[in-house]
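**Student:** Can you keep this structure in mind? I'll have questions shortly.
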Amino acid sequence: MLSLLRIEIYKISRRPRTYIAFIAITAIVGIFQFAFKADGQSYMNLMLQSVPENFEIDLSKTINGYFMCYIILNTLLIQVPILIALIAGDAISGEANMGTLRLLLTKPVSRTGVILTKFAASVIFTILLLVWMAFMALFVSLLLFGAEDMLIFRVRGDESQIMQIASDDILWRYFAAFGYAAVALTVIAALAMLLSVFAENSIGPIIATVCIVIVCTIISNINVPIIDKNIKPWLFTSYLVGWKGFFYIATTDDGETIKGSLENWPAIRNSLSILLAHVIILVGITVAVFNKKDILS
Amino acid sequence: MPVIEVSNLSKQFKDVLAVDNLSFSVGEGDVYGFLGQNGAGKSTNIRMLLTLVKPTSGHIHIFSKDIAKERHEILQQTGAIIEKPDLYKYLSAFDNLSIFARLSGLKLPRHDIMEKLEAVGLSARSESKVKTFSQGMKQRLGIAVALVHNPRLVILDEPANGLDPQGIADIRGLILKLREQGKTVVISSHLLSEIEQVATRMIIIHKGKKIIEGSVTELLDPSETIVRIQTTDNTYARQKINSSEFSGLLQDDLDEIRLKMNKTEVPLLAQKLSGWGVGILSIQPRHSLEDYFISLTNNESHAELVKN
């Protein structure tokens with residue numbers, strides 16, 4: 001199994017398309033950092049339009065490395081599923097298309113082993129992509145913009161809220177957020193792999209994965225009570241941005257933030273459980289379908 | 298003890314019965330030819346032997362092991378090329394062979410892999426990506442991949458497809474070499490001439506059903522040869538043959554002269570015709586099985602008649 005995993009990782013690492021995701025993240029993050037370095041103040045002025053005048057903010061320290069990373073993650077983590085689908089959607093269908101799937105399965109390897117190792121390789125790719133994103137969005141931003149307390153702008157119902165997190169209380173939140181994002185993106189990898197089993201070229205499963213994510217995201221954002229109650233709780237897209245929960249800090253009755261606290265840990269735990277359940281179900285279906293599949297390609 | 302024993306094997310794809318209650322066995326050291334027109338069910342059969350396709354019913358035993366239960370053990374001793382040898386095009390020949398060796402349970406040192414590439418004439422291109430290879434080179438690498446773990450059983454599904462004459466000759470040479478080494482080979486083809494040259498036993502299938510099975514020497518008995526003769530004057534030639542020792546062998550045909558005879562007597566017949574002053578345009582000995590097979594391929598109604 002370990003040997004099979006090593007082979008999978010080697011194959012992924014030798015495919016040029018693997019690096020598209022890393023190049024895309026580098027480019028997008030770089031553009032963000034350049035734009036904020038050049039004219040971040042205009043963005044901040046726009047963000048602070050709704051803040052009451054008596055609310056004092058030291059604008060010179062607002063744009064810092066931690067804040068930059070938050071802004072980048074907010075934008076980028078919605079697009080990353082497409083990059084994950086590029087690899088996971090190709091896992092089985094790409095081999096079927098090349099004709100190597102039949103050769104692979106004439107070797108003494110189990111079909112379950114093939115799926116699990118391909119899935120594990122996709123998860124490793126996802127984690128590496130997030131590590132790269134963390135390096136680019138967090139550590140490079142810290143180098144460029146420095147480390148200060150972070151302001152979080154949050155919309156809750158009809159009201160806007162600004163929270164301040166102390167600079168020595170942020171880093172662990174980012175590690176936790178990236179960990180959460182890894183689980184959320186693993187659902188995308190599992191979905192793309194399931195679709196990959198049914199196809200004999202990579203384009204179909206990649207497009208289908210992106211379409212499903214878009215449709216489910218739209219449904220997750222529709223505010224209709226019947227959908228809120230019956231559909232949203234079961235959609236993985238309702239939990240994709242759950243990583244933000246690590247930046248929502250608990251406050252005292254006086255409105256003071258409590259260092260090292262989370263506003264709603266049970267909600268984050270619940271989100272993680274639902275995402276993991278999606279992974280288990282999707283991988284389970286993939287294994288079952290692939291074990292029964294006739295390889296005719 | 299047969300290496301492969303297949304009993305009452307069937308495969309239904311939705312509304313198509315691709316393999317219909319097929320039974321056959323392959324002995325140790327046999328080169329077993331699977332013959333049938335395109336769509337006859339050869340590839341489905343081969344894929345069921347390799348566990349790529351699940352049978353709807355029936356049993357397959359290889360090395361006396363049930364393929365449904367002991368797949369891993371069976372595939373450890375089996376090598377295969379399914380149609381064209383598709384490999385990882387973005388990897389080098391060395392990487393491909395190394396990967397498939399590992400998948401076969403072997404961790405070969407570099408010099409062993411280079412030796413195997415040398416054996417198929419690819420050592421000089423070991424670091425070149427497969428996408429830069431010609432079809433013949435890919436085929437040779439495919440052979441190296443199939444044989445990397447020195448399997449007891451080699452299964453080749455239409456291995457000559459898409460190859461030039463040299464590639465086809467190479468495949469033939471490989472099969473004969475495997476036969477000499479005492480390996481069991483299963484080869485499928487839609488060309489009788491291809492099977493005839495290498496196989497020791499063969500089966501002809503049509504629409505998923507077995508039409509005939511036996512040893513090649515039995516099925517291609519030289520006494521069953523049909524000799525077609527074209528001359529400058531067929532009436533005169535027919536007259537002379539009728540008055541010779543070949544008269545009983547002559548078959549009625551208005552357009553051409555046909556004799557059912559032993560293949561070994563063809564040179565004598567040619568000599569006689571020449572002696573009678575007959576101008577010979579062509580003499581074509583063809584086995585009756587070939588006619589039969591071609592009739593299956595070309596004439597569906599005839600095939601139905603044979604089956605019924």
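From first to last, the protein sequence lines stand for chains A and B. What the first sequence shows, in our numbering, is residues 1 to 297, in sequence order. What the second sequence shows, in our numbering, is residues 298 to 605, in sequence order. A virtual CB, placed ideally from N, CA and C, is assigned to each residue, including glycine.
1) Sort out for me which residues DSSP pairs ILE523 of chain B with in a bridge.
2) Which chain A residues sit within Cβ distance under 7 Å of ASP383 of chain B?
3) In chain order, which alpha helix (DSSP H) runs of at least 4 residues are fully inside the region 219-270 of chain A?
4) Among A:LEU296, A:ALA288 and A:THR62, which has the Cα closest to the Cα of SER110 of chain A?
5) Measure from the C-beta of GLY402 of chain B to each C-beta in chain A and report whether the shortest distance is under 8 Å.
6) Measure the alpha-carbon distance for LEU394 of chain B versus SER354 of chain B and round it to whole angstroms.
7) Would the region 408-421 of chain B count as touching the region 495-504 of chain B if we require 3 or more Cβ pairs under 8 Å?
8) Between the C-alpha atoms of PHE543 of chain B and GLY464 of chain B, what's the straight-line distance to the nearest angstrom?
9) Express the C-alpha separation of LYS504 of chain B and ALA600 of chain B in angstroms, rounding to a whole number.
10) Checking contacts by CB at 8 Å: is VAL350 of chain B closer than that to chain A?
11) Quick one: which residues of the region 354-374 of chain B get their C-beta closer than 7 Å to a C-beta of chain A? List them in chain order.
12) For chain A, check one thing: does any of its Cβ atoms lie closer than 8 Å to the Cβ of HIS599 of chain B?
13) So that I know if they touch, is there some Cβ in chain A lying closer than 8 Å to that of ARG449 of chain B?
14) Are there 16 or more other CB atoms within 10 angstroms of the CB of PHE34 of chain A, so buried, or fewer, so exposed?
15) Three or more C-beta pairs under 8 Å: does that hold for the region 396-405 of chain B against the region 423-433 of chain B?
16) Closer than 8 Å, CB to CB, is ASP294 of chain A near chain B or not?
17) Which value, in whole angstroms, describes the spacing of the CA atoms of VAL215 of chain A and ILE222 of chain A?
18) Residues of chain A with CB under 7 Å from TYR387 of chain B, in chain order?
19) May I ask you to report which of helix, strand or coil DSSP gives ILE170 of chain A?
20) Which residues does DSSP pair with HIS356 of chain B in a beta bridge?
21) So VAL109 of chain A contacts chain B; which residues on that side make the cut at Cβ distance below 7 Å?
22) Classify VAL495 of chain B as helix, strand or coil using the three-state DSSP reduction.
23) If you draw a straight line from the C-alpha of SER520 of chain B to the C-alpha of ALA534 of chain B, how long is it?
24) By the criterion of Cβ-Cβ separation under 8 Å, what are the contact partners of PHE397 of chain B in chain A?
25) Output the distance between the C-alpha atoms of GLU562 of chain B and LEU570 of chain B, rounded to the nearest integer angstrom.
26) Note the first and the last residue of the continuous alpha helix (DSSP H) segment covering ASP467 of chain B.
27) Looking only at its chain, what residues have a beta carbon closer than 7 Å to the beta carbon of ASN291 of chain A, apart from the 5 residues adjacent to it on each side?
28) Would ILE468 of chain B count as contacting chain A if we go by Cβ distances under 8 Å?
29) Leaving aside the five residues before and after ARG102 of chain A along the sequence, list all residues of the same chain whose C-beta is less than 7 Å from its C-beta, in chain order.
30) Within its chain, find whatever has a CB closer than 6 Å to the CB of ASN605 of chain B; leave out the 5 residues flanking it on each side and keep chain order.
31) Chain B partners of SER3 of chain A, CB-CB under 7 Å?
32) Measuring CB to CB, does THR528 of chain B end up less than 8 Å from GLY572 of chain B?
33) Count the other C-beta atoms from every protein chain shown that fall within 10 angstroms of the C-beta of LYS37 of chain A, then say buried if there are 16 or more, exposed otherwise.
34) Under a CB-based cut-off of 8 Å, is LYS11 of chain A close to chain B?
35) Can you tell me whether GLU159 of chain A is helix, strand or coil according to DSSP?
36) What's the gap between the Cα of ASP317 of chain B and the Cα of ALA443 of chain B?
**Tutor:** This is what the structure holds:
1) B:LYS557 and B:ARG583
2) MET98, GLY99, THR100 and LEU103
3) 225-230
4) A:ALA288
5) yes
6) 35 Å
7) no
8) 41 Å
9) Low confidence applies here, because ALA600 of chain B scores a pLDDT of 43, under 50, leaving its location unreliable; read the following figure in that light. Their backbone Cα atoms lie some 10 Å apart in a straight line.
10) yes
11) HIS369, LEU372 and GLN373
12) With a pLDDT of only 44 at HIS599 of chain B, under 50, the local geometry of the prediction cannot be trusted, and the value read off the model is given with reservation. No, its Cβ sits nowhere closer than 8 Å to a Cβ of chain A.
13) no
14) exposed
15) no
16) yes
17) 11 Å
18) ARG14 and ARG15
19) coil
20) B:SER304
21) LEU400
22) helix
23) 22 Å
24) LEU103 and LYS107
25) 13 Å
26) 462-477
27) ARG111 and THR112
28) no
29) ILE295 and SER297
30) Because ASN605 of chain B carries a pLDDT of 40, less than 50, the predicted location of this residue cannot be relied on, and no value is offered for it.
31) ARG399
32) no
33) exposed
34) yes
35) strand
36) 29 Å
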